[in-house]
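Okay, so the sequence shown: first residue is 27 according to the numbering used here, each after it adds one.
Ideal Cβ positions, reconstructed from N, Cα and C, are used throughout, including at glycine.
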Amino acid sequence: MWWCSLRQQSRPFYCLCLVVLLGLLQSSRGYAQTAPSPAPAAKQKSASPNVPAGTLPASKVEEALRMLLHTTSANPDQMATQTVLEIEGLVIDQTLTKIGHDFYSLFYAQWDVPASLGAYTVVVRERPNRGISALISIEANDDMIVEMPLLPNYEAMEEAVTYALGLTIAHLVTAHNVSQQLEKAADDPGTEVY
């Protein structure tokens, strides 16, 4: 049938559309314009006198619900192929001047962290300073790592990037190791030290 060929990602959208259409068809006042009702003498007799006009027969509702259940049910093969939409690592640029953009470009070009770190957020911020310098600050997971003045000298900028990268990666690795140890201690309640 047609609903079997739908892609896995678009099934929730089609299910939602099906539910909305069923609701519109079952309501006597839908969003679409309805035709005027015929004269009382020309009315057709319905199968049951208690069923209000504009509703679907029970067989049609049952068929629509079966289609909905069929499209939403997932077998193990489909569950294995589903993609996880999660951002593991994020490096955000919040610089203002050319010096800050150059610093971020060097920082991100040399950014290489272990894949096992999981989710983290690193923010490179800049505040203009007196003269031609800038004040660069780096935060990792809402913790201030380093804040330093930066001059528009390329060699000094490379040294600052190397220093900031070392501190940031060390902080992320340490935070990951601590969280792993805490999770391990929570799983084994007999090893806590009080």
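Burial state of residue i (16 or more Cβ within 10 Å)
| i | result |
| --- | --- |
| V187 | buried |
| A160 | buried |
| A182 | exposed |
| T200 | exposed |
| E88 | exposed |
| G126 | buried |
| E209 | exposed |
Cβ neighbours of residue i in the same chain (closer than 6 Å, five flanking residues each side left out)
| i | result |
| --- | --- |
| G115 | Y146 |
| E165 | V149 |
Residue of the options minimising C-alpha distance to residue i
| i | options | result |
| --- | --- | --- |
| L202 | T97, N155, A141 and L191 | At residue 202 the sequence reads His, which differs from the Leu that was named. The candidate whose alpha carbon is nearest that of H202 is A141. |
| A197 | L176, M170, Q207 and E185 | Just to set this straight, residue 197 is His in the shown sequence, not Ala. For H197, the nearest C-alpha among the options comes from M170. |
| E184 | V148, V149 and S131 | S131 |
| V139 | M93, V117 and L82 | V117 |
| Y180 | D119, K124, S205 and E209 | K124 |
Same chain, Cβ closer than 7 Å to residue i, neighbours up to 5 away in sequence not counted
| i | result |
| --- | --- |
| N155 | L161 and P175 |
| G144 | E114 and H202 |
| F133 | V150, V187, A190 and L191 |
| N167 | Y146, T147 and A201 |
| D119 | Y130 and V150 |
Cα-Cα separation between residue i and residue j, rounded to whole angstroms
| i | j | result |
| --- | --- | --- |
| E173 | T97 | 53 Å |
| R153 | P178 | 14 Å |
| T194 | S163 | 11 Å |
| G157 | L122 | 15 Å |
| S85 | L95 | 15 Å |
| D128 | Q207 | 37 Å |
| V204 | R92 | 49 Å |
Cutoff 7 Å: residue i Cβ touching any chain B Cβ
| i | result |
| --- | --- |
| E184 | Going by chain labels, chain B is absent from the structure shown, which holds only one protein chain. |
Could you tell me which whole beta strand (DSSP E) segments of length 3 or greater appear in the segment 92–175?
Fully enclosed beta strand (DSSP E) runs of 3 or longer: 115–120, 146–154 and 160–166.
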